[in-house]
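Single-structure report; data block below.
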Amino acid sequence: MKKKTTNENTLPDLFVFFFLIFIGTFVFKKDTKRDRMMKRNFSPETSDRFEYLQALVTEFQDTDSEEAKEQVLANLANFAYDPKNTEYLRQLQVTDLFLDMLTEKNENFIEFGMGGLCNLSMDPDCRDLILDSDGISLITNCLSNQREETVLSAITTLMNLVTPASRSQLTEPGILQCMLRFSLAESPRLHNLAAVFLQDCCTEDQVRQAQQQMQGQQMAVGIPLPKD
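Residue 20 is where the sequence shown starts when you use the numbering used here, and the numbers rise one by one after that.
Here it is as C-alpha cells:
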C-alpha cells in the first residue's frame, strides 16, 4: 500500500482550519456601535440623523484626545449648516457646547465653536438660546481673536442675533468702533462684512457718533486686526 505523504495529510486539515476561522468571524464577532455605523455607511443623510449626531456628542464627551475633539467639533459645526439637523442639535444641547468652546484656550475649539454658532444662529430658536445664554458677550470677545475665520464667524453671528430686543446691546459703541476698525482692514472679506454690519444693523447717527469717539484713537477698543 502506498504511504501518504506529509503534504497529502496536511492540506485538507489546513483547508478545514481556515474555513472554520472564516465562518467564525461571522458567527462569533460581536459588533460594536461604531462597527454597525460603519457597515451601514452611517451619515447624517440616512434616516437616523439623531443617532449619528448623538454618537458624535458622546464621543466628544468621552474622549481625552484633543485631536479627536477637534474633529468632532468640526463635524458638528458643518452639520449645523443643514437645517435638517437643527432640531436634533438643539435637543442634544450642541448650542451650549459651542458656547462653552468660546472660552477654551485651544484656538481650534474656539474657531469651530464659533463657526457652529454662526450656522445655528440662523435658526430663530437657536438664536434665542444664544441670547438667553449671554452669548453676545462671549461672541463679542471673539472679535479680538487673531484668526480671521473666527472673527468673520463672530461678526456674522452678531448680525444674525439682531432682534428688536437685542439691537441696543449689539450696537453699543465698543462694538461699532470695532466694526469701523475692521472696515478699514486690507482683507476684502473682513472689510466688506464689517461694512455690511454697519449698514444693516446700525443707524447713521450711531455710526457717526462712533466715528467721533474714535477720532484720535489708533485702535478701536484695543482690538487689533486679525491675521489671515
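Backbone N, C-alpha and C fix where the C-beta goes; we use that ideal spot for every residue, glycine too.
What is the residue span of the alpha helix (DSSP H) that threonine 176 lies within?
167 to 179
If you compare alpha carbons, which of Asn127, Met178, Asp147 is closest to arginine 109?
Closest option to arginine 109, Cα to Cα, is Asp147.
In three-state terms, what does DSSP make of leucine 30?
Note that leucine 30 scores 49 on pLDDT, short of 50, meaning its location in the model is unreliable; the coordinates nonetheless yield the value given after this. Note: leucine 30 maps to helix in three-state DSSP.
Which word fits asparagine 211, buried or exposed, when buried means at least 16 other C-beta atoms lie within 10 angstroms of its C-beta?
Classification for asparagine 211: exposed.
Give the secondary structure of lysine 124 by DSSP, where H, G and I count as helix, E and B as strand, and everything else as coil.
coil
Okay, do the region 120 to 128 and the region 97 to 109 touch, 3+ Cβ pairs below 8 Å being the bar?
no
Cysteine 220 and valine 181 - do their beta-carbons sit closer together than 7 Å?
In terms of Cβ geometry, valine 181 and cysteine 220 form a close pair [threshold 7 Å].
Only counting the same chain, and skipping five residues up and downstream in sequence, which positions put a Cβ closer than 7 Å to that of glutamine 231?
So the list is empty, once near-sequence residues are dropped.
In three-state DSSP terms, what is tyrosine 100?
coil
Can you tell me whether isoleucine 149 is buried or exposed? The criterion is at least 16 other CB atoms within 10 Å of its CB, across all chains shown.
buried
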